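**Student:** Residues in the sequence shown are numbered consecutively from 117, following this note's numbering.
A virtual CB, placed ideally from N, CA and C, is assigned to each residue, including glycine.
Here the structure is a predicted model, which means the values were calculated and not measured.
Structure in structure tokens, see below.
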Amino acid sequence: MDETPAPVLDPGRGKAKKGYFWALARDDRAWNGPEPPGVAFTYAPGRSGKYASEILQGFGGILQVDGYAGYNRVLDLRDNQPIHLAYCWAHARRKLYELTHNNVAPIAEDGLKQIASLYRIEAQARGTSAQERMAIRQQKSEPIIKAFKIWLDHARGQVSAKSPTGEALKYIAKYWDGLTLFLTDGRIEMDSNAVERTIRPIALQRKNALFAGHEAGAQNWAMLASLIETCKLNQVEPHTYLTGVLTAIVNGHKQKDIDQLLPWNYTA
Numbered sequence: 117m118d119e120t121p122a123p124v125l126d127p128g129r130g131k132a133k134k135g136y137f138w139a140l141a142r143d144d145r146a147w148n149g150p151e152p153p154g155v156a157f158t159y160a161p162g163r164s165g166k167y168a169s170e171i172l173q174g175f176g177g178i179l180q181v182d183g184y185a186g187y188n189r190v191l192d193l194r195d196n197q198p199i200h201l202a203y204c205w206a207h208a209r210r211k212l213y214e215l216t217h218n219n220v221a222p223i224a225e226d227g228l229k230q231i232a233s234l235y236r237i238e239a240q241a242r243g244t245s246a247q248e249r250m251a252i253r254q255q256k257s258e259p260i261i262k263a264f265k266i267w268l269d270h271a272r273g274q275v276s277a278k279s280p281t282g283e284a285l286k287y288i289a290k291y292w293d294g295l296t297l298f299l300t301d302g303r304i305e306m307d308s309n310a311v312e313r314t315i316r317p318i319a320l321q322r323k324n325a326l327f328a329g330h331e332a333g334a335q336n337w338a339m340l341a342s343l344i345e346t347c348k349l350n351q352v353e354p355h356t357y358l359t360g361v362l363t364a365i366v367n368g369h370k371q372k373d374i375d376q377l378l379p380w381n382y383t384a
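Okay, structure coming up:
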């Protein structure tokens with residue numbers, strides 16, 4: 117799950133207000149899972165974790181996210197089924213990489229090398245079953261993770277906690293349990309790139325569309341983005357899909373057979 121700003125015109129004020137598109141993605145192709153890939157965008161007027169909790173009503177299981185604190189709200193069992201948060205190594209890596217950009221940062225460079233080793237193992241395991249992927253991780257990745265934790269604790273003792281390096285290492289330590297959850301389940305990715313890739317076109321579209329005319333328009337934008345980006349994930353051409361679906365509906369396609377018109381079931 118991830119979120120991105122969605123500017124919406126605020127009538128009467130002559131300016132746009134900031135809402136958010138919340139994206140919930142599924143992509144099991146890395147472990148040959150049974151479900152087709154898809155993404156659902158939902159518009160909400162804010163970024164508070166309560167919106168994530170509302171969107172996830174009825175969901176229980178593993179949710180992969182970045183380190184935004186708002187996602188802690190989904191752990192409240194008064195609002196949700198039991199959810200475990202898996203965190204994103206790409207975000208952890210990014211914080212270390214930023215330290216090395218135009219700077220000499222030996223501690224950050226050392227951390228990047230260890231993370232790169234983990235990603236090389238992931239590349240070897242991609243496309244295998246969840247059970248096989250977990251076995252590979254436990255054999256090859258777990259020793260690297262154990263060594264990384266020893267290195268992390270030692271490195272944090274060498275720098276000020278308030279320094280840029282200290283802040284980057286603190287981020288990794290803070291989310292350590294969720295970062296290492298991928299060792300226990302072959303279905304979990306090392307990062308949340310699957311959902312971030314679906315959000316990228318939305319960010320590009322913002323530069324062209326500027327804003328939605330009103331909140332209903334933003335909700336329609338989210339609905340259309342869900343269909344278009346899910347088409348892309350399933351190698352279906354979006355314009356052809358939308359034309360065919362609208363034609364089928366006009367010609368009396370029965371609502372009880374709506375599953376036939378989902379992107380992963382659609383045939384022109």
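Using the Cα positions of residue 149 and residue 327, report the straight-line distance between them to the nearest angstrom.
**Tutor:** Straight-line Cα distance between these residues: approximately 37 Å.
**Student:** Distance check for residue 177 and residue 192, CA to CA, integer angstroms please.
**Tutor:** Taking the straight line joining both Cα atoms gives about 13 Å.
**Student:** Can you have a look at residue 362 and say buried or exposed, based on whether 16 or more other CB atoms are within 10 angstroms of its CB?
**Tutor:** When all chains shown are included, residue 362 counts as exposed.
**Student:** DSSP three-state label for residue 301, please.
**Tutor:** coil
**Student:** My output table needs one value for residue 187: the three-state DSSP class, helix, strand or coil.
**Tutor:** helix
**Student:** What residues match up with residue 138 in a beta bridge as DSSP calls it?
**Tutor:** Bridge partners of residue 138: 119, 158.
**Student:** To which residues of the same chain is residue 209 closer than 6 Å at the C-beta, ignoring the five residues directly before and after it?
**Tutor:** Excluding positions up to five away in sequence, the list reads 231.
**Student:** Is the CB-CB distance between residue 202 and residue 343 below 7 Å?
**Tutor:** no
**Student:** Go ahead and pull the three-state DSSP assignment for residue 370.
**Tutor:** coil
**Student:** DSSP beta-bridge partners for residue 328?
**Tutor:** 124
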